[in-house]
Amino acid sequence: MESKIFTKLLIFGAMNTAAFMFSQSTENDTITRGKAIDEVVITGNSNPKASIKTSTSISTLKMKDIENAAPRTTAEIFRTIPGIRSESSGGEGNSNITVRGVPVSAGGSRYLLIQEDGLPVMQFGDIAFGTQDQFTRFDSFVSRVEALRGGSASVFASNSPAGIINFITKTGEKEGGSITQQLGLNYKNYRTDFDYGTQIADNTFLALGGFYRIGDGPRKTGFNSNNGGQFRVSLLKKFEKGSFRIYAKLLDDRTAAYMPMPVAVSGTDADPKWSSLSNYNILNGALQTINLQHDRTLGNDGNIFNSDVSDGMHSISKTIGAEFNYDLGEGWKFEEKIRYSANNGQFIAPFPASVSKGSDFFTAANFTNFGSAVYSGTNTPVDMNAYYMKIALFNVKLNNFNNFVNDFNISKKWSNVKFNAGLYKATQNINMDWIWNNYIQEVSDSNARLVDVKNLSGTFITDQGLLNYGMKDWGNLKRNYNTKYDITAPHAQIEINATDKLTIDAGARYDIGKVTGTFSGGTVTYTSRDVLC
1 MESKIFTKLL IFGAMNTAAF MFSQSTENDT ITRGKAIDEV VITGNSNPKA SIKTSTSIST
61 LKMKDIENAA PRTTAEIFRT IPGIRSESSG GEGNSNITVR GVPVSAGGSR YLLIQEDGLP
121 VMQFGDIAFG TQDQFTRFDS FVSRVEALRG GSASVFASNS PAGIINFITK TGEKEGGSIT
181 QQLGLNYKNY RTDFDYGTQI ADNTFLALGG FYRIGDGPRK TGFNSNNGGQ FRVSLLKKFE
241 KGSFRIYAKL LDDRTAAYMP MPVAVSGTDA DPKWSSLSNY NILNGALQTI NLQHDRTLGN
301 DGNIFNSDVS DGMHSISKTI GAEFNYDLGE GWKFEEKIRY SANNGQFIAP FPASVSKGSD
361 FFTAANFTNF GSAVYSGTNT PVDMNAYYMK IALFNVKLNN FNNFVNDFNI SKKWSNVKFN
421 AGLYKATQNI NMDWIWNNYI QEVSDSNARL VDVKNLSGTF ITDQGLLNYG MKDWGNLKRN
481 YNTKYDITAP HAQIEINATD KLTIDAGARY DIGKVTGTFS GGTVTYTSRD VLC
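To convert, note that position 460 of the sequence shown is 460 in UniProt numbering; the numbers rise steadily by one, no gaps.
Below is the structure:
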């Protein structure tokens with residue numbers, strides 16, 4: 001078999017609108033509409049078939065389709081899929097994703113499930129500060145993306161009434177690979193993707209790939225916002241009546257989390273006008289600043305907890321999985337998919353709890369016995385005509401988001417009928433600490449300064465911009481969630497080819513969920529002065 005290794009150069013640049021891409025095309029990249037509709041799809045189907053013959057609403061994206069869309073994040077890929085709404089303004093993760101006609105009722109993707117090779121990345125798509133797209137990264141190791149909207153999605157997967165997006169990875173059956181370089185045009189961004197597949201023995205195939213990147217990201221944070229990567233490997237053995245595959249993934253990636261931005265609004269309700277505030281460009285500004293890069297607070301165990309704001313959304317996932325399918329003869333087949341993922345990390349990002357001009361911000365109504373305000377580390381009084389914010393520093397430690405998934409299916413095929421029955425078993429841990437702090441910061445997109453406040457006697461009531469340990473106005477928000485979900489779901493599907501032009505599909509699924517765990521949280525918020533005293 002002839003080995004084909006090729007190199008591509010992609011240049012991405014966020015020009016405040018979209019990315020630009022230049023690539024060297026290859027014959028293997030080219031797909032036609034005819035090939036697309038004849039492509040066999042496996043997502044949400046007990047009987048894989050060409051997409052034109054399936055009764056479900058499903059779309060397939062090949063690597064070439066994704067390259068042409070030039071996405072800057074994984075969630076931006078979903079915008080290419082008809083009927084999928086993806087709001088990815090928050091960065092690489094924490095995106096709002098749904099299907100046309102279904103509302104975004106919470107952060108994340110409550111009604112849509114993201115899968116890798118037919119199994120969910122997370123059991124729930126709307127876990128606060130731990131959404132499933134935070135633990136999902138697209139790279140050149142992905143063979144294609146299949147998206148199923150409605151239809152059989154809720155029968156083939158739990159927590160997916162609106163649809164499924166399935167990342168299907170390479171197995172090494174296609175000889176060759178690629179190396180891809182990405183360079184930012186108007187911001188620092190360096191990323192390398194690679195993948196390679198080959199046959200290593202009779203009917204035995206090896207594939208490996210991943211990416212590594214470092215850079216600022218499209219918004220000005222003042223530090224390296226993107227830092228990390230992913231590595232994946234797959235080993236496939238095919239035999240006469242089936243196949244066995246084992247695979248693994250290591251993800252350790254840091255990306256900035258972008259929160260709502262302060263913006264000037266004028267005009268009328270019927271004709272509003274939006275514009276940037278002075279010193280803050282809403283097109284490329286960020287709330288992050290090098291002057292608030294390190295955060296110190298008391299953890300929920302009573303010990304000092306230090307955080308680096310440049311970690312942003314820090315996602316760590318160590319995954320191992322296996323697939324086995326076998327033809328038992330006389331139309332009987334069974335398939336087993338199993339995977340374990342050890343997930344943890346952190347989510348830390350500044351959120352503008354309130355914004356106003358200095359003359360309205362620094363008052364006795366906001367600060368008891370207010371005397372004066374200076375920029376932290378100086379004796380320089382603040383500019384009362386400038387804008388300032390109370391920053392809620394969202395700081396969530398993702399202690400344990402481990403999950404286990406097992407999906408067993410057995411099927412029987414007659415001449416015009418195929419029946420499938422299966423049992424899905426899964427567990428999902430959600431163990432996280434909320435350890436938020438409250439800071440005062442100027443509105444600026446260039447190394448925004450922190451602000452310290454003095455009372456009437458000249459005593460500081462803040463410490464290097466830190467006003468409160470916790471969010472006093474929001475009930476403190478020092479919390480711990482420690483829960484474990486156990487899910488059992490028997491399911492069955494039947495497909496009847498009634499005539500050459502009529503196929504009837506039906507299915508049922510019964511989800512049984514149990515949760516055990518604890519919740520704890522304090523209600524007393526301490527000011528920095530309480531600790532200093």
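Think of the CB as a built atom: it goes at the ideal place given N, C-alpha and C, for glycine as much as any other residue. Here the structure is a predicted model, which means the values were calculated and not measured.
Given residue i as reference, the closest of the options once Cα atoms are compared
{"i": "K501", "options": "F231, N482 and N416", "result": "N416"}
{"i": "K249", "options": "S225, I320 and L398", "result": "I320"}
{"i": "T98", "options": "E67, A70, Q132 and L119", "result": "Q132"}
{"i": "Y326", "options": "S520, K238 and D511", "result": "K238"}
{"i": "N186", "options": "G215, F194 and P161", "result": "G215"}
{"i": "G93", "options": "P82, S105, G267 and F78", "result": "F78"}
{"i": "K62", "options": "G90, A106, E146 and G108", "result": "E146"}
{"i": "D452", "options": "I282, F361 and A492", "result": "F361"}
{"i": "K418", "options": "S57, S178 and A492", "result": "A492"}
{"i": "A264", "options": "I461, G222 and Y280", "result": "Y280"}
{"i": "E116", "options": "I410, S446 and R339", "result": "R339"}
{"i": "A342", "options": "A69, I165, V405 and D65", "result": "V405"}
{"i": "S158", "options": "T523, F519, A508 and T518", "result": "A508"}
{"i": "M456", "options": "N379, A373 and N385", "result": "One point to set straight first is that residue 456 is Leu, not Met, in the sequence displayed. Nearest of N379, A373 and N385 to L456, Cα basis: A373."}
{"i": "T518", "options": "N482, D433 and G242", "result": "N482"}
{"i": "L235", "options": "W434, D271, N227 and N203", "result": "N203"}
{"i": "L450", "options": "S376, S356, G345 and G163", "result": "S376"}
{"i": "L119", "options": "T523, F156, V102 and A128", "result": "F156"}
{"i": "L148", "options": "M122, L112, F129 and G130", "result": "L112"}
{"i": "G83", "options": "I66, G163 and D486", "result": "G163"}
{"i": "T74", "options": "Y196, T462 and Q134", "result": "Q134"}
{"i": "F305", "options": "L287, A128 and D433", "result": "D433"}
{"i": "V515", "options": "N429, T499 and D65", "result": "N429"}
For residue i: DSSP bridge partner residues
{"i": "W274", "result": "V265"}
{"i": "A201", "result": "T204"}
{"i": "F305", "result": "T297"}
{"i": "I494", "result": "F419 and A506"}
{"i": "S446", "result": "None; S446 has no bridge partner."}
{"i": "residue 535", "result": "Residue 535 lies beyond the stretch modelled for the chain, which goes from 1 to 533, so this question has no answer here."}
{"i": "K425", "result": "N406 and T488"}
{"i": "N438", "result": "A392 and N468"}
{"i": "L235", "result": "L206 and I246"}
{"i": "R219", "result": "Per DSSP, none; premise fails for R219."}
{"i": "S372", "result": "K454"}
{"i": "G228", "result": "R213 and D253"}
{"i": "I348", "result": "N395"}
{"i": "K478", "result": "I435 and G522"}
{"i": "S310", "result": "In DSSP, S310 forms no bridge with anything."}
{"i": "D463", "result": "L466"}
Proximity below 8 Å, CB of residue i to CB of residue j
{"i": "R144", "j": "D126", "result": "no"}
{"i": "I168", "j": "T136", "result": "no"}
{"i": "F124", "j": "G210", "result": "no"}
{"i": "A257", "j": "G184", "result": "no"}
{"i": "G458", "j": "W436", "result": "no"}
{"i": "N431", "j": "N395", "result": "no"}
{"i": "I504", "j": "I512", "result": "no"}
{"i": "R85", "j": "R72", "result": "no"}
{"i": "residue 534", "j": "D295", "result": "Nothing can be reported for residue 534, as the shown portion of the chain is limited to 1 through 533."}
{"i": "K478", "j": "G422", "result": "no"}
{"i": "T171", "j": "A207", "result": "yes"}
{"i": "G222", "j": "F194", "result": "no"}
{"i": "S446", "j": "S310", "result": "no"}
{"i": "G285", "j": "K390", "result": "no"}
{"i": "L398", "j": "N438", "result": "no"}
{"i": "I282", "j": "M261", "result": "yes"}
{"i": "T488", "j": "K412", "result": "no"}
{"i": "Q199", "j": "N189", "result": "no"}
{"i": "T80", "j": "A69", "result": "yes"}
{"i": "residue 561", "j": "T380", "result": "This structure leaves residue 561 out entirely; the chain is present only between 1 and 533."}
{"i": "N291", "j": "A448", "result": "yes"}
{"i": "F205", "j": "E240", "result": "no"}
{"i": "Y388", "j": "I440", "result": "yes"}
Anticipated Cβ contact below 8 Å, residue i with residue j, distance rounded
{"i": "T427", "j": "N403", "result": "6 Å"}
{"i": "P407", "j": "K337", "result": "Looking at the sequence shown, residue 407 is not Pro but Asp. Right, their Cβ atoms sit about 5 Å apart."}
{"i": "L251", "j": "S154", "result": "28 Å between Cβ atoms; not a contact."}
{"i": "V443", "j": "L277", "result": "6 Å"}
{"i": "G228", "j": "R254", "result": "5 Å"}
{"i": "D271", "j": "A353", "result": "Not a contact, Cβ separation roughly 29 Å."}
{"i": "L287", "j": "P218", "result": "In fact, because the Cβ distance is near 14 Å, the residues do not count as touching under 8 Å."}
The ligand ATP heavy atom lying under 7 Å from the CB of residue i
{"i": "K62", "result": "Ligands are entirely absent from the displayed structure, and the ligand ATP is therefore not among its contents."}
**Study point:** Completely contained alpha helix (DSSP H) runs for the UniProt domain "TonB-dependent receptor plug" (53 to 164), where each covers 4 or more residues
**Key:** 63 to 69, 74 to 77 and 153 to 156
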